[in-house]
Amino acid sequence: MHMKKFSLIILIVLAALGAQAQNRKYIGNFSLFQQYFNPALTGYEGSVVKTYYRDQWTGYQDAPRTVFISGELDLADLKSFGNHRRTGARSAAAAGKHAVGLSILHDTFGPFKESQFNASYSYNVALSEDLNLRGGAALTYNLNSLDQTSLVFDDINDSQYQNLLQSPNNRVHKLGVNAGLVLSAADYYFGYAVQDLTKGALAGGDPYLDNTYTLQHVLQGGYRRGVTDAFGLVFNGLYRYDSKLKGTLEGQLKGVYDDTYWAGIGYRNNLALTFTAGMRFKNQFKIGYLREMPSGKGSGINVGSNELFLTYNLLPPVITPSFKKRKPLSIW
50 MHMKKFSLII LIVLAALGAQ AQNRKYIGNF SLFQQYFNPA LTGYEGSVVK
100 TYYRDQWTGY QDAPRTVFIS GELDLADLKS FGNHRRTGAR SAAAAGKHAV
150 GLSILHDTFG PFKESQFNAS YSYNVALSED LNLRGGAALT YNLNSLDQTS
200 LVFDDINDSQ YQNLLQSPNN RVHKLGVNAG LVLSAADYYF GYAVQDLTKG
250 ALAGGDPYLD NTYTLQHVLQ GGYRRGVTDA FGLVFNGLYR YDSKLKGTLE
300 GQLKGVYDDT YWAGIGYRNN LALTFTAGMR FKNQFKIGYL REMPSGKGSG
350 INVGSNELFL TYNLLPPVIT PSFKKRKPLS IW
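Residue numbers (my numbering): 50 to 381.
What follows is the structure in structure tokens.
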């Protein structure tokens with residue numbers, strides 16, 4: 050354990066110097082939290098509450114821990130809540146035009162603490178009976194803090210640490226704007242988003258995160274299809290790029306049985322392999338687990354990570370079949 054703690058202290062100091070790690074959060078089950086990456090996907094799965102807990106590098110003291118909770122409301126569902134059922138199927142033509150969302154993410158990593166607040170809105174236009182164009186925007190607020198008293202330096206007089214040591218509070222707050230577009234149908238979606246359009250222009254507080262803000266580009270897509278009446282396949286992909294961390298590509302393939310149980314495997318380019326399983330119960334709940342194992346450049350710490358997630362649809366999902374003689378899928 051002492052060696053683990055010593056290794057983690059080195060990583061924490063490196064994070065304090067570069068600080069770019071604060072700008073990109075990894076979610077193994079990214080396909081279930083689509084609106085976090087692209088606000089146009091707010092309300093894409095109807096009115097739903099989602100949460101996950103991520104324990105990164107399990108077993109390391111002060112390793113990253115993340116808690117996330119979000120709520121999305123398709124305004125077209127408001128008239129259905131009294132009946133506890135949705136009126137009509139969620140085809141492109143029938144889906145609500147307006148949706149709103151709110152999410153909170155809290156992340157700790159050694160002396161770092163970060164809280165993210167995200168308020169999003171999406172607007173949906175039916176291009177045809179089967180095809181939607183969605184647009185969305187989000188206002189974000191980030192609060193970062195650093196407990197400098199928990200850091201240990203080999204040379205406290207080193208100039209590269211002075212921003213940390215001379216700041217009385219080491220708190221940074223930032224307002225940002227995200228925007229995105231998505232083309233979607235019953236069995237696929239593809240979208241592009243930009244995160245932090247202001248690139249830190251609306252940031253304030255202490256300077257230790259100065260020069261770390263950058264515009265992030267996000268490509269996101271998914272495709273699902275029933276193979277037999279009982280079995281289907283779902284693929285989701287995510288690509289993120291910014292000028293500091295460059296590109297990260299992720300993919301996940303799941304097999305789904307009876308639109309209820311699933312198991313899958315995923316890969317984050319040169320960083321990690323993921324294995325996931327879960328189930329839907331009482332029609333409105335989804336619960337699952339993901340195990341992440343480092344690979345490639347991520348193998349410097351040869352310890353896995355764990356994720357647990359739970360989602361609840363406020364109304365039972367109603368899916369319009371798109372393939373004849375195939376049971377439709379509601380799981381991404």
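Virtual Cβ for every residue (Gly too), placed ideally from N, Cα, C.
Inter-residue spacing [alpha-carbon to alpha-carbon] between residue i and residue j
i: R114; j: A279; result: 37 Å
i: A141; j: F82; result: Low confidence applies to A141: its pLDDT is 47, below 50, so where it sits in the model is not reliable, and the reading given next is rough at best. If you take the alpha carbons of A141 and F82, they lie about 21 Å apart.
i: R273; j: G120; result: 24 Å
i: Y102; j: S80; result: 15 Å
i: T100; j: S152; result: 9 Å
i: K281; j: Y310; result: Looking at the sequence itself, residue 281 is Gly, so the reference to Lys does not match. Answer to the nearest angstrom: the Cα atoms are 10 Å apart.
i: A187; j: N87; result: 9 Å
i: A175; j: N181; result: 5 Å
i: W106; j: T157; result: 13 Å
i: A312; j: K303; result: 6 Å
i: L154; j: A168; result: 12 Å
i: S96; j: L127; result: 9 Å
i: G347; j: K295; result: 15 Å
i: Y109; j: E94; result: 36 Å
i: P366; j: T360; result: 12 Å
i: I118; j: S164; result: 12 Å
i: V221; j: L258; result: 7 Å
i: S194; j: G253; result: 12 Å
i: V267; j: N260; result: 21 Å
i: G249; j: N227; result: 12 Å
i: D308; j: N219; result: 48 Å
i: N362; j: L122; result: 10 Å
i: L393; j: G300; result: There is no way to answer for residue 393, as the model of the chain reaches only from 50 to 381.
i: Q333; j: L364; result: 7 Å
i: R289; j: R73; result: 9 Å
i: E356; j: M328; result: 15 Å
i: Y241; j: L298; result: 14 Å
i: D255; j: S177; result: 51 Å
i: S292; j: T247; result: 15 Å
Cβ-Cβ separation, residue j to residue i (assumed contact under 8 Å), whole Å
i: R317; j: Y85; result: No, R317 and Y85 are not in contact; Cβ-Cβ is about 16 Å, not under 8 Å.
i: A326; j: S344; result: Going by Cβ atoms, the distance from A326 to S344 rounds to 20 Å, so no, they are not a contact pair.
i: A89; j: R183; result: 4 Å
i: L224; j: L251; result: 4 Å
i: F166; j: Y190; result: 4 Å
i: A148; j: S129; result: That belief does not hold up - the Cβ atoms of A148 and S129 are roughly 14 Å apart, past 8 Å.
C-beta atoms of residue i and residue j nearer than 8 Å
i: F324; j: I336; result: no
i: G145; j: A125; result: yes
i: V231; j: L378; result: no
i: V11; j: I380; result: Outside the shown range of the chain (50 to 381) lies residue 11, about which nothing can therefore be said.
i: Q265; j: Q244; result: yes
i: G185; j: T91; result: yes
i: N78; j: F358; result: yes
i: D196; j: A234; result: no
i: G271; j: Y237; result: yes
i: E341; j: G349; result: no
Run of the alpha helix (DSSP H) containing residue i, from where it starts to where it stops
i: Q83; result: 83-86
Which of helix, strand or coil DSSP assigns to residue i
i: S344; result: coil
i: K99; result: strand
i: S80; result: helix
i: S171; result: strand
i: S233; result: strand
i: S379; result: coil
i: L192; result: strand
i: L127; result: helix
i: G108; result: coil
i: T165; result: Before going on, a small fix: residue 165 reads as Gln here, not Thr. In this structure, Q165 counts as strand in the three-state DSSP scheme.
i: G353; result: coil
i: A250; result: coil
i: Q244; result: strand
i: L258; result: helix
i: L363; result: coil
Proximity test, residue i beta-carbon vs the ligand GDP heavy atom, cut-off 7 Å
i: N167; result: Within the structure as shown, the ligand GDP is missing, as the structure has no ligands at all.
Terminal residues of the beta strand (DSSP E) in which residue i lies
i: G275; result: 265-275
i: N285; result: 280-291
i: L322; result: 321-330
i: G296; result: 295-306
i: R73; result: Element bounds for R73: n/a, residue is neither H nor E.
i: S177; result: No beta strand (DSSP E) contains S177, which DSSP labels as neither H nor E.
i: L151; result: 147-158
i: Y316; result: 310-317
8 Å Cβ cutoff, residue i in contact with chain D
i: F158; result: No chain D appears in this structure, which consists of one protein chain only.
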